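>
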Amino acid sequence: MKKLSYILFSFISLVLATASCSGPEEENPVIQTPTKLVLNTPATANQYVDLGYDKEAGTVNFTCSQADYGFAASANYYMQVSLDATFANFVELGDAYTSCNLNVKASQIAEAICKLRGITSEETYTDEPARKVYFRVRSQILKYEETSILSNVVAMEKIKGYFALRLPGYIYLVGAPEGWTGPSEDNKAHYEPWKLFEDENAVGSKVYYGEFDIPADKFQFRFYTALTGWDKDSYGIQENDSPKDFSMKNGIYDGAIVKGKGSYNLPGWTGGKVKITVNMSNDSKMTVKFEKVG
Numbered sequence: 000m001k002k003l004s005y006i007l008f009s010f011i012s013l014v015l016a017t018a019s020c021s022g023p024e025e026e027n028p029v030i031q032t033p034t035k036l037v038l039n040t041p042a043t044a045n046q047y048v049d050l051g052y053d054k055e056a057g058t059v060n061f062t063c064s065q066a067d068y069g070f071a072a073s074a075n076y077y078m079q080v081s082l083d084a085t086f087a088n089f090v091e092l093g094d095a096y097t098s099c100n101l102n103v104k105a106s107q108i109a110e111a112i113c114k115l116r117g118i119t120s121e122e123t124y125t126d127e128p129a130r131k132v133y134f135r136v137r138s139q140i141l142k143y144e145e146t147s148i149l150s151n152v153v154a155m156e157k158i159k160g161y162f163a164l165r166l167p168g169y170i171y172l173v174g175a176p177e178g179w180t181g182p183s184e185d186n187k188a189h190y191e192p193w194k195l196f197e198d199e200n201a202v203g204s205k206v207y208y209g210e211f212d213i214p215a216d217k218f219q220f221r222f223y224t225a226l227t228g229w230d231k232d233s234y235g236i237q238e239n240d241s242p243k244d245f246s247m248k249n250g251i252y253d254g255a256i257v258k259g260k261g262s263y264n265l266p267g268w269t270g271g272k273v274k275i276t277v278n279m280s281n282d283s284k285m286t287v288k289f290e291k292v293g
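FYI, the working numbering numbers position 81 of the sequence shown as 80, with every residue one higher than the one before it.
#1: Compare the Cα-Cα distances from Thr269 to each of Ser280, Lys114, Lys217, Ser73 and report the closest residue.
#2: With distance defined between alpha-carbon atoms, name the residue in Lys284, Asn102, Asn264 nearest to Gly174.
#3: Roughly how many angstroms separate the alpha carbons of Ser21 and Ser147, rounded to a whole number?
#4: Starting from Ser106 and walking both ways along the alpha helix (DSSP H), at which residues does that stretch end?
#5: Is the region 109-129 close to the region 34-42, with three or more CB pairs under 8 angstroms?
#6: Can you tell me which of Asp253, Asp282, Met279 puts its alpha carbon nearest to the alpha carbon of Glu290?
#7: Kindly indicate which three-state DSSP category Asp377 falls into: helix, strand or coil?
#8: Are Ile30 and Ile140 touching if we call contact CB-CB under 8 angstroms?
#9: Is there contact between the region 92-110 and the region 155-164, where contact requires at least three CB pairs shorter than 8 angstroms?
#10: In whole angstroms, give me the CA-to-CA distance for Ser204 and Ser233.
#11: Can you grab the Cα-Cα spacing for the pair Asn186 / Ala72, in whole Å?
#12: Out of Phe86, Ser81, Gln46, Thr32, which has the shortest C-alpha to C-alpha gap to Phe310?
#13: Under a Cβ-count criterion, where at least 16 other Cβ atoms within 10 Å of its own Cβ denotes burial, should Ser19 be classed as buried or exposed?
#14: Which term fits Trp179, buried or exposed, when burial requires 16 or more other beta carbons within 10 angstroms of its beta carbon?
#15: Output the distance between the C-alpha atoms of Pro128 and Lys159, rounded to the nearest integer angstrom.
#16: Can you tell me whether Gly293 is buried or exposed, with buried defined as 16 or more other CB within 10 angstroms of its CB?
#17: Run through the DSSP bridge pairs and tell me what Cys63 is partnered with.
#18: Using alpha carbons as the reference points, say which of Lys114, Lys288, Tyr208 lies closest to Ile251.
#19: According to the Cβ coordinates, are Val309 and Lys157 closer than 8 angstroms?
#20: Would you kindly check if the distance between the Cβ of Cys99 and the Cβ of Thr58 is under 8 angstroms?
#21: Of the residues Lys248, Glu191, Leu101, Thr227, which one's Cα is nearest the Cα of Gly181?
#22: For Thr224, which residues from the same chain have a beta carbon less than 6 angstroms from its beta carbon, with the 5 sequence-adjacent residues on both sides left out?
#23: Give the single residue among Leu195, Pro242, Tyr77, Met247 whose Cα lies nearest to the Cα of Gly259.
Encoded structure:
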């Protein structure tokens, strides 16, 4: 009985303590529409900053105030980059920061500069001297767009960029459909229509997609990750340099792909379009999928 009374007394004390320590405002804080967010001018604003000095781990530090939401809100901060002070065109970088101390990846800034310059490939990239680049921060609480607010604009005077676009990777289909042309750099133009690409939203995934019109009795090919000749970068149905038959079930084939020169061969192919997915994300378990279209 004494033990039960002690437990009951402890529970009542906890409830009273909780009630005395919290009021309506603490329980239901009201989010004010923010009116001020200050991005501080970096200490390196007038210094020469080479974004390519450390392409893997380089960062540029920025600090800002907390937006005035009316209470100490846990907000996310997003960096925006532009080549003009009006921000008529800008890129918002992908990372979200949870504190007012932002170590922004140099590679992301360099990528943004490339996009703002209209660079679409390494062939269209031209080197340029260090230039003025403009920055601002956007603050937002979770996904509540009404809490979004932009900071003032600050400039960094001497930013040296580099080609930093993360473009989808690709592999090549090599075989009977394209005429068994040698997979060399000399034939790069020939193989442009025979590429399988990563999804634009999954760069670096090593999952490649393509759709090709395969003529009748020409379903025999393998894949190459680079145009370095017949022997070095080939992948197929087996390691040995000889074709191997396979069959589709309901217009679909799921199978393995390995390092080697064994070509996939589908006897009796009557012609038509095929969707191909090559998954090379796991070196020890690579797969290929063929799907007849229509």
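The C-beta atom is built at its ideal place from N, Cα and C for all residues, glycine as well. As the structure is a prediction and not an experimental result, all values here were calculated from the model.
Answer, in terms of the structure:
#1: For Thr269, the nearest C-alpha among the options comes from Lys217.
#2: Comparing Cα-Cα distances from Gly174 to each of Lys284, Asn102, Asn264, the minimum goes to Asn264.
#3: Caution is warranted here: a pLDDT of 45 is assigned to Ser21, below 50, making its placement in the model unreliable, and no coordinate value can be reported.
#4: Note, Ser106: alpha helix (DSSP H), 105-115.
#5: Between the region 109-129 and the region 34-42, the count of Cβ pairs shorter than 8 angstroms is below three; the stretches do not touch.
#6: Answer by Cα proximity: Asp253.
#7: There is no way to answer for residue 377, as the model of the chain reaches only from 0 to 293.
#8: Their beta carbons are under 8 angstroms apart, which means Ile30 touches Ile140 by this criterion.
#9: With the rule of 3 Cβ pairs closer than 8 angstroms, the region 92-110 counts as touching the region 155-164.
#10: Cα to Cα, Ser204 sits roughly 19 angstroms from Ser233.
#11: When rounded, the distance between both Cα atoms is 58 angstroms.
#12: The structure shown has nothing for residue 310, since the chain only spans 0 to 293.
#13: Unreliable positioning characterises Ser19 in this predicted model, as indicated by a pLDDT of 39, which lies under 50. A coordinate reading is not provided.
#14: With fewer than 16 Cβ atoms within 10 Å of its Cβ, Trp179 is classed as exposed.
#15: Counting only the Cα atoms, Lys159 lies some 6 angstroms from Pro128.
#16: So Gly293 ends up on the exposed side.
#17: Leu38, per the DSSP bridge assignment.
#18: Closest by alpha carbon: Lys288.
#19: What the structure shows of the chain is the stretch from 0 to 293, and residue 309 is not part of that stretch, so it cannot be assessed.
#20: No.
#21: Relative to the Cα of Gly181, the nearest Cα in the group Lys248, Glu191, Leu101, Thr227 belongs to Thr227.
#22: Once the five neighbours on either side are set aside, the close Cβ partners of Thr224 are Ile170, Asp232.
#23: Residue nearest to Gly259 within the set Leu195, Pro242, Tyr77, Met247 is Pro242 (criterion: CA-CA distance).
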